[in-house]
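Trainee: In order, the protein sequence lines correspond to chains D and S.
Offset between the first sequence (1-based) and our numbering: plus 1418.
So that you can map any letter, position 115 of the second sequence is 109 in our numbering, and since no number is skipped, the others follow by simple counting.
The beta carbon of each residue, even a glycine, is placed where N, CA and C say it ideally should be.
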Amino acid sequence: MEKKLLKKVDLIFEKCNCLNIIDKVLQRSGDDIILDIIDSGLKGRGGAGFPTGLKWKFAKNEEADQKYIVCNADEGEPGTFKDREILDRVPEKIFAGMAVCAKAIEATKGYIYLRGEYNFLLPALNEKLTVFNQAMKDRKFEFSIEMRSGSGAYVCGEETALLESMEGKRGEPRNKPPFPVAQGYLGKPTSINNVETLVFALAIMNIGPEKFKEFGTMDSRGSKVFSISGDTPKGGIYELELGMTIEDFVNEFGDGDTKAIQVGGASGFCVPRKHFKDTIIGFEGIPTGGSMMLFNSSRSMYNVLQDYLEFFEEESCGQCTPCRVGCQQLLKGILAVKRGEKPPAYLEELKKLSQTMKIASKCGLGQSVANPFNSIVNNFREEIIY
Amino acid sequence: MTKIETFVKEQANKYGKSRKSLMPILQEIVQKERFLSEEAMIAVAKELDLSTAEVYGTASFYTFLDTVPKGENIIRVCKTIACHMKGKDEIIEAIENTLNIKLGETTSDKKFSLLQANCLGWCHKGPVMLINDKVYPEITASKAIEIVEEYSNKN
Chain D
1419 MEKKLLKKVD LIFEKCNCLN IIDKVLQRSG DDIILDIIDS GLKGRGGAGF
1469 PTGLKWKFAK NEEADQKYIV CNADEGEPGT FKDREILDRV PEKIFAGMAV
1519 CAKAIEATKG YIYLRGEYNF LLPALNEKLT VFNQAMKDRK FEFSIEMRSG
1569 SGAYVCGEET ALLESMEGKR GEPRNKPPFP VAQGYLGKPT SINNVETLVF
1619 ALAIMNIGPE KFKEFGTMDS RGSKVFSISG DTPKGGIYEL ELGMTIEDFV
1669 NEFGDGDTKA IQVGGASGFC VPRKHFKDTI IGFEGIPTGG SMMLFNSSRS
1719 MYNVLQDYLE FFEEESCGQC TPCRVGCQQL LKGILAVKRG EKPPAYLEEL
1769 KKLSQTMKIA SKCGLGQSVA NPFNSIVNNF REEIIY
Chain S
-5 MTKIETFVKE QANKYGKSRK SLMPILQEIV QKERFLSEEA MIAVAKELDL
45 STAEVYGTAS FYTFLDTVPK GENIIRVCKT IACHMKGKDE IIEAIENTLN
95 IKLGETTSDK KFSLLQANCL GWCHKGPVML INDKVYPEIT ASKAIEIVEE
145 YSNKN
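Following this line, the structure appears as structure tokens:
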């Protein structure tokens, strides 16, 4: 498998003249822009990893009197804080990335859905948006962006729940299909993209797809902003080339005593030390929305799992039974095993339940609880039981 | 017209009287009153021509749209794993002792409510807390007490 060495990159936070790039993009056709994005291999940076160019193509191909672009800034995955940093440091690049998408899919209206926990960013963002919207007007490009706020619901990061919330409803995910690109906000074709994805789309317009493809591997093109936390002397935000092994990553960011790393936040996978060498960070190995949380030998993986399950139990929207009841039972189950009220073999039953949740839950929340559950229980069984 | 009805009317005029304005209007009310009273929700339902059940049903979904009275300042301490590992329990204990309330409660002078929140997005700088919209990363127990006292001295 293609591997890369750990390398720091600077595409996201590097200064650039956004309006110059927009001016160039406005000269191009939507199809032409989309071809570049498809060619670049850019995949969504929110976690799910859907090819961005395809998403835009689907939205463009829809016939509608109104289309929307929504920037998903509802960053709630535990361990992830890269979007906050991007929103804080280079908001103009996000706006410009949305303008690129708007031109490509022929949308005239954009929204940024910001999680309520980041409301302190609102005054600065609104101020900069006024300038940006005026700049679009001056260019006679019919496109403007408005802010929308969340109110503390993790599930609203799921794209259809986010749309429900924007429409003034409970943030309960919709059935898919229809996908948002066909029927999104107010039933109109809508492209929903993560903050970082939009900034990469702008970068691709700036440097071209060929240059972008020089970073990363076949399956994981480009770089990625990582949010690094936990037992590390160097916590923070780093943009790194995709395709490195976890071993390389831990050598750089670990504290010398790393026993496990949770890749992709609470809904991601726990990788124990014995697999550091053969696990690649990227779509061919373990994909991530950017969260990398390191645990050293002083940590109990039981506590980590309990913390995650409490999180999911609280944040499950309760709409579908597998997720609502499943999250409750997994949490109750590990507590019972820990207390000795259930035999260790009960963990096998719980693993089956998590598989059922994976198949039967309506959205990514319930479907992904099995990821941390199985990866922690399988690799740290002893710590869960005793 | 009561004060809250007038406020709701102003917001409905500002954001528009359609369903999609519901969240921004509820958020404005919470910003001002710290919670959604029955009176406020009935006023919103009237303005947007929705049933009160729809308004309550939506509000009750969201953690930040409280439907029970809260203090003037809402303290939310992050409880998710990274902050947990970095000692959020000590922060909560220190604030509990300073304000003489337990987690989830509101002080008798209605000045503070102490709550926990899921990941606030500052994992590399935990423990962290929000007071209303303002964020305080990398706090210690003594720092947290200092900050809370500052709010307490502001009238």
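1) Output, in chain order, the set of chain S residues within a Cβ distance shorter than 8 Å of D/Y1536.
2) How about S/K11: is its C-beta nearer than 9 Å to some C-beta of chain D?
3) Between D/A1491 and D/I1530, how many whole angstroms is the CB-CB distance? I'm expecting something under 8 Å.
4) Looking at chain D, which residues of the stretch 9 to 39 of chain S have a Cβ within less than 7 Å of any of its Cβ atoms?
5) If I measure Cβ to Cβ from S/D60 and keep anything under 6 Å in the same chain, skipping five residues before and after, which residues do I get?
6) Going by other Cβ atoms of all chains shown within 10 Å of its Cβ, with 16 needed for buried, is D/G1586 buried or exposed?
7) Would you list the residues sitting across from D/E1657 in a DSSP beta bridge?
8) How would you call D/E1493, buried or exposed, if buried means at least 16 neighbouring beta carbons within 10 angstroms?
9) Alpha carbons only, please: which of D/V1755, D/A1763 and D/K1695 is nearest the one belonging to D/L1423?
10) Can you give me the start and stop residues for the beta strand (DSSP E) that S/A111 sits inside?
11) Straight-line CA distance for D/R1691 to D/G1653?
12) Where do the ends of the beta strand (DSSP E) carrying D/P1690 lie?
13) Just the Cα atoms here: how many angstroms apart are D/V1508 and D/V1613?
14) Report all residues from its chain with a CB closer than 6 Å to the CB of D/E1805; omit the five preceding and five following residues, and keep chain order.
15) D/Y1720 bridges to which residues according to DSSP?
16) When you compare the CB positions of D/K1500 and D/I1655, do they come within less than 9 Å of one another, or not?
17) Taking C-beta pairs closer than 7 Å, name the residues in chain D that S/V129 reaches, listed in chain order.
18) Opposite D/M1565 in the DSSP bridges: which residues?
19) By the 10 Å Cβ neighbour count, where 16 or more other Cβ atoms means buried, how is S/G98 classified, buried or exposed?
20) Am I right that D/G1570 and D/K1421 are in contact with their C-beta atoms under 8 Å? What's the rounded C-beta distance?
21) From the DSSP output, which residues share a beta bridge with D/I1704?
22) Within 9 Å (strictly less), CB to CB, does D/D1725 reach chain S?
23) Helix, strand or coil: which one does DSSP assign to S/C72?
24) Which first and last residues belong to the beta strand (DSSP E) in which S/N94 is found?
25) Beta-carbon within less than 8 Å of S/K64's beta-carbon, same chain only, minus the 5 sequence neighbours each way: which residues are those?
26) Pick out the complete beta strand (DSSP E) segments inside the stretch 1550 to 1609 of chain D, 3 residues or longer, and give them in chain order.
27) Using three-state DSSP, classify S/N147 as helix, strand or coil.
28) Does the CB of S/A76 have a neighbour CB from chain D at under 9 Å?
29) Check the Cβ-Cβ distances between D/A1678 and every residue of chain S, and say whether any is below 9 Å.
30) Would you call the CB atoms of D/C1434 and D/K1511 closer than 9 Å?
31) Tell me whether S/S15 sits in a helix, a strand or coil according to DSSP, three-state version.
32) According to DSSP, which residues form a beta bridge with D/L1783?
33) Following the continuous beta strand (DSSP E) through D/C1489, name the residue where it begins and the one where it ends.
34) Got a sec, what are the start and stop residues for the beta strand (DSSP E) S/Y50 sits in?
35) Could you work out which residues of chain D lie near S/Y56, taking near to mean beta carbons separated by less than 7 Å?
36) For the alpha helix (DSSP H) holding S/S31, just list the boundary residues, first then last.
Mentor: Here's the rundown:
1) G115
2) no
3) Right, the Cβ-Cβ distance comes to about 5 Å (below 8 Å), so this counts as a contact.
4) Taking 7 Å as the Cβ-Cβ cut-off against chain D, the residues of the stretch 9 to 39 of chain S that qualify are R13, K14, S15, L16, M17 and Q21.
5) In chain order, F29 place their CB closer than 6 Å to the CB of S/D60, counting only its own chain and leaving out the 5 sequence neighbours on each side.
6) Counting every other CB atom within 10 Å of its CB across the protein chains shown gives D/G1586 a total of 16 or more, marking it as buried.
7) D/V1643
8) buried
9) If we check each option's Cα against that of D/L1423, D/K1695 comes out closest.
10) F106 to A111
11) 19 Å
12) F1687 to P1690
13) 11 Å
14) Because chain D here runs from 1419 to 1804, residue 1805 of chain D falls outside it and cannot be looked at.
15) Per DSSP, none; premise fails for D/Y1720.
16) Annotated as proximal: D/K1500 and D/I1655, with beta-carbon spacing under 9 Å.
17) F1538
18) D/I1530
19) exposed
20) About 40 Å separates the beta carbons of D/G1570 and D/K1421, which is beyond the 8 Å limit, so they are not a contact pair.
21) For D/I1704, the beta-bridge partners assigned by DSSP are D/I1699.
22) yes
23) strand
24) Counting along the chain, no beta strand (DSSP E) covers S/N94, and no H or E run does either.
25) R28, F29, T100 and S107
26) If we require 3 residues or more, the beta strand (DSSP E) runs fully inside the stretch 1550 to 1609 of chain D come out as 1562 to 1567.
27) helix
28) yes
29) no
30) yes
31) helix
32) Answer is none; D/L1783 lacks a bridge partner.
33) Y1486 to A1491 is the span of the beta strand (DSSP E), which, as asked, contains D/C1489.
34) Per DSSP, S/Y50 belongs to no beta strand (DSSP E); it is in the alpha helix (DSSP H), T46 to A53.
35) Within 7 Å Cβ-Cβ: S1569, G1570 and A1571.
36) In the DSSP assignment, S/S31 falls outside any alpha helix (DSSP H), carrying neither H nor E.
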